[in-house]
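Trainee:
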Ligand code: DGJ
């Protein structure tokens, strides 16, 4: 891996064993995009760009009539002096203009990868893992520097990018737009793929051909959102799970974002992602720096599956942190769907007793344990144990659970306040609001203003006292509404549009402090399920509650879609009761277990009320999970059958040494008189001999991958199988 600067050609080459990224400095001023993809060797990279004067494309360099910013593939384009496409950034200067002229000033190539101040980002553990290029562009009239930062990893086909604006001039400017990256590809015959949804239906896959003009996804909800994940991919038309060029970009940010793709008349495709410029204006004073979030950029020549596996490894090993990064997680029992708000100590103890008997390892007390919280209408902000429900406090219950040999975890929703709470009565200005305007409620609650330091200090100390009040090993950090009236009482009028980003910086500050103070706690983030499932949250909390929808059939789509970017170890998945609370569907307990076992397994039902047959199923599935969990959580994922396409879903996980694999096969609705079906496996070693579920028969890996594994004929809806595949030593 290296980053080379070729002075003669004025070209930067970022490369590792598999990928190349090429930037050319044109006219000594403009960083132009040459190439990103499979590793290339070249003799004359500066010949890649072709120029032609085109009508209505302004000539920025008078002595070179063929040159125009309007047609130049660029690395970080501006609007206003020749390029009419979507700009990557826009500043408004003190004289009211948005015209800027940032041109190349200098560059620096260094070992390693710096972290970003106040923001989560991917990291390295040793300087030899990555190299970083910083290209500095300067607008000399404004006295502002713009640093384009690129890092290439040695062992991952990943480039990361971010941008910082450094103000060394003398007048305040407003940043109206500052994307984290922008790339101009030299072609447009692509599909684009993104993950969309809503509450209980997160991260469904949508793939569409690109059209001329702008297509985009975004969130203006103050969270990355259930509606759109901060991720988008460009795919060559022939792309499948195994084949095709794929370019995926994922933003390490949990707030408002925008990803935009513009195809111009000359078939250039401009892809950018960053903070949503809608409702964002940042005042940058002389002496200050503004840092954008980071983008993770993955190229794969091995289709969607290849891209996902790279994202999985990156997120699992170089975004997630902490003691749980390399550990499988305890099998949990959560009381939410078992009791909702209606519980007392006895009920909880009964659940814990039964859970322990079935092999569960962690008891999680969900919403309703504090203040007067008997429904969702009050008490957020009043983090004091409700002694009517828990006469011995959190510590009493936690001690009971611990004595049984289980761990104890607790639910919190710190970012919110109920209007019916002592906190709100004491500090009515601590929530996001606009003076003199209504404060719109959602789930009967308001959002605290985390851009205010005193609010963050309060939350840090309040959470610290809860987490030290009992032996707490796990925290579910929930967030159940999006922002409205996103204004701050602590900011002057000209800074109101900074509120949403300042909120994210405040949240990240709290999470940094808490994870430093409580390194032994396993944190799981949640936002009404998966409303904030993004790399930014994963940096602090290594798993996310994937969805409030625990229906086994719906979960196939949700987990399949989520796996496009996120590895199994980041997904919380629970077995719940039937009829399912979200869909009313009845599915067998075994299938519900098999779906949840493809991630971090948990349970969320009245296990103490299960009949003896069901108890046996749960017990057996938990022992099976112990056998397969290392492969599921740390293995490579191969998606085999797509739930968005037919009635069958299948995926498999393979250990990196290919000695072991586990295949999950689910039949949603059975078919009368069905054909024979062989499931073609992937990722095995073609020359290894494997046995299936400890049977006698041996199969070559090539046989299982080319000819396939015969699936049973199925005469029952909602049927599922797990196959354990093991190589035998000859
Ligand atoms: C939303 C979460 O997604 C649920 O699992 C549960 O914790 C509720 N909030 C509690 O209010």
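Numbering (the working numbering), first residue to last: -3 to 726. Glycine residues also receive a C-beta, built at the ideal position from the N, C-alpha and C atoms. In this text, all values refer to a predicted model and were calculated from it rather than measured experimentally.
#1: State buried or exposed for residue 236, treating a residue as buried only when at least 16 other CB atoms are found within 10 Å of its CB.
#2: Out of 516, 572 and 416, point me to the one whose CA is closest to residue 369's CA.
#3: Got a sec: is the Cβ-Cβ distance from residue 5 to anything in chain D below 7 Å?
#4: Should residue 281 go down as buried or exposed, given a rule of 16 or more other Cβ atoms within 10 Å for buried?
#5: For the ligand DGJ, is there any heavy atom lying closer than 6 Å to the beta carbon of residue 573?
#6: Rounded to whole angstroms, what is the Cα-Cα separation between residue 394 and residue 558?
#7: Mind listing which residues have their beta carbon within less than 6 Å of any non-hydrogen atom of the ligand DGJ? Chain order is fine.
#8: According to DSSP, is residue 728 part of a helix, a strand, or is it coil?
#9: Just to confirm the assignment, what range does the beta strand (DSSP E) spanning residue 599 have?
#10: Where are the beta strand (DSSP E) runs, 3 residues long or more, that stay fully inside the segment 55 to 118, in chain order?
#11: In the DSSP assignment, find the unbroken alpha helix (DSSP H) run with residue 463 in it and report its ends.
#12: Could you give the residue range of the beta strand (DSSP E) that holds residue 15?
#13: Less than 8 Å between the CB atoms is what I'm expecting for residue 152 and residue 34, so what's the real figure, rounded?
#14: Can you tell me whether DSSP reads residue 698 as helix, strand or coil?
#15: Do residue 707 and residue 678 have their beta-carbon atoms positioned less than 7 Å apart in this structure?
#16: Short of 8 Å in beta carbon distance, which residues of its chain neighbour residue 487, apart from the five on each side in sequence? Order them along the chain.
#17: For the segment 290 to 299 against the segment 233 to 247, are there 3 or more C-beta pairs whose distance is under 8 Å?
#18: Should the segment 193 to 206 be regarded as contacting the segment 217 to 227, the criterion being three or more beta carbon pairs within less than 8 Å?
#19: Quick one: grab the DSSP three-state call for residue 126.
#20: Tell me which residues share the same chain as residue 731 and place their Cβ nearer than 8 Å to its Cβ, disregarding the 5 neighbours each side in the sequence.
#21: Closest to residue 722 by CA distance: which of 688, 709 and 716 is it?
#22: Thinking C-alpha only, which one of 544, 23, 182 and 18 is nearest residue 36?
#23: Closest to residue 75 by CA distance: which of 230, 96, 470 and 69 is it?
#24: Just curious, the beta strand (DSSP E) that residue 32 is in, first and last residue?
#25: Tell me the start and end of each unbroken alpha helix (DSSP H) in the segment 514 to 589 that is at least 4 residues and wholly inside, in chain order.
#26: Just confirm the distance between the C-beta atoms of residue 531 and residue 311, as a whole number of angstroms; I'd bet it's less than 8 Å.
#27: Determine, using beta-carbon pairs with one atom in the segment 709 to 725 and one in the segment 618 to 633, whether at least three such pairs fall under 8 Å.
#28: Which one or two residues does DSSP pair with residue 211 in a beta bridge?
#29: Leaving out five residues before and five after residue 109 in sequence, what residues of the same chain have Cβ atoms less than 6 Å from its Cβ?
#30: Determine the extent of the beta strand (DSSP E) in which residue 172 is found, giving its start and end residues.
#31: With burial defined as no fewer than 16 other Cβ atoms inside 10 Å of the residue's Cβ, what is the status of residue 513: buried or exposed?
#32: Here's the rule: buried if 16 or more other CB atoms are within 10 angstroms of the residue's CB, otherwise exposed. What is residue 807?
#33: So does the segment 447 to 457 actually touch the segment 387 to 403, counting three or more Cβ pairs closer than 8 Å?
#34: Take residue 411 and list the residues in its own chain whose beta-carbon comes closer than 8 Å to its own, dropping the five residues that flank it on each side.
#35: Are residue 528 and residue 220 close, meaning C-beta to C-beta below 7 Å?
#36: Can you tell me whether residue 223 is helix, strand or coil according to DSSP?
Mentor: So, to answer that:
#1: As a working note, residue 236 is residue 240 in the chain shown. With fewer than 16 other Cβ atoms within 10 Å, it is exposed.
#2: Here residue 369 corresponds to residue number 373 of the chain shown, with the count starting at 1. For the residues 516, 572 and 416, the minimum Cα distance to residue 369 belongs to 416.
#3: The structure shown contains no chain D; it is built from a single protein chain.
#4: Along the chain shown, read from residue 1 onward, the residue named residue 281 stands at position 285. Under this definition residue 281 is an exposed residue.
#5: As a working mapping, residue 573 is identified with position 577 in the chain shown. No, the ligand DGJ has no heavy atom inside 6 Å of this Cβ.
#6: As a working note, residue 394 is residue 398 in the chain shown. As a working note, residue 558 is residue 562 in the chain shown. Between residue 394 and residue 558, the C-alpha separation is close to 33 Å.
#7: 332, 362, 363, 407, 474, 476, 522, 524, 525, 541 and 544
#8: Nothing in the structure corresponds to residue 728, since the chain is present only between -3 and 726.
#9: Within the chain shown, numbered from 1, the residue matching residue 599 stands at position 603. Start and end: 596 to 600.
#10: 85 to 88 and 99 to 107
#11: Within the chain shown, numbered from 1, the residue matching residue 463 stands at position 467. Looking at the DSSP string, the run of the alpha helix (DSSP H) that includes residue 463 is 449 to 464.
#12: For the purposes of this step, residue 15 is taken as the residue at position 19 of the chain shown. Unbroken beta strand (DSSP E) run through residue 15: 15 to 22.
#13: Position 156 of the chain shown, counted from the start, is the residue given in the question as residue 152. Position 38 of the chain shown, counted from the start, is the residue given in the question as residue 34. So it is not a contact: roughly 15 Å between Cβ atoms.
#14: If you number the chain shown from 1, residue 698 lands on position 702. Helix at residue 698.
#15: The residue given as residue 678 occupies position 682 in the chain shown. The residue given as residue 707 occupies position 711 in the chain shown. Cβ atoms of residue 678 and residue 707: not closer than 7 Å.
#16: Position 491 of the chain shown, counted from the first residue, corresponds to residue 487. Cβ within range, chain order: 447, 494, 495 and 498.
#17: yes
#18: yes
#19: As a first step, residue 126 must be located in the chain shown, where it is residue number 130. It is a strand residue.
#20: Limits of the chain in this structure are -3 at one end and 726 at the other, which puts residue 731 out of reach.
#21: The count along the chain shown starts at 1 and reaches residue 722 at position 726. The residue with the shortest Cα to Cα distance from residue 722 is 688.
#22: Position 40 of the chain shown, counted from the first residue, corresponds to residue 36. Closest option to residue 36, Cα to Cα, is 18.
#23: As a working mapping, residue 75 is identified with position 79 in the chain shown. When only C-alpha atoms are compared, the closest one is 96.
#24: By 1-based counting over the chain shown, the position of residue 32 is 36. Start and end: 26 to 34.
#25: 531 to 536 and 548 to 558
#26: Walking along the chain shown from the start, residue 531 turns up at place 535. Walking along the chain shown from the start, residue 311 turns up at place 315. Contact flag correct, Cβ pair sits at about 6 Å.
#27: yes
#28: Within the chain shown, residue 211 is the residue found at index 215, counting from 1. In the DSSP output, where bridge partners are listed per residue, residue 211 has 257.
#29: Here residue 109 corresponds to residue number 113 of the chain shown, with the count starting at 1. Taken in chain order, the residues that qualify are 120, 126, 128 and 147.
#30: The residue given as residue 172 occupies position 176 in the chain shown. 169 to 181 is the span of the beta strand (DSSP E), which, as asked, contains residue 172.
#31: Mapped onto the chain shown, residue 513 falls at position 517. So residue 513 ends up on the exposed side.
#32: A query on residue 807 cannot be resolved here, the shown segment of the chain reaching from -3 to 726 and no further.
#33: no
#34: To locate residue 411, count along the chain shown from 1; it is residue 415. Once the five neighbours on either side are set aside, the close Cβ partners of residue 411 are 443, 444, 446, 455, 475 and 503.
#35: Here residue 528 refers to the residue found at position 532 of the chain shown. Here residue 220 refers to the residue found at position 224 of the chain shown. For residue 528 and residue 220, yes; Cβs fall inside 7 Å.
#36: By 1-based counting over the chain shown, the position of residue 223 is 227. Looking at residue 223 - three-state DSSP - the assignment turns out to be coil, as it is neither helix nor strand.
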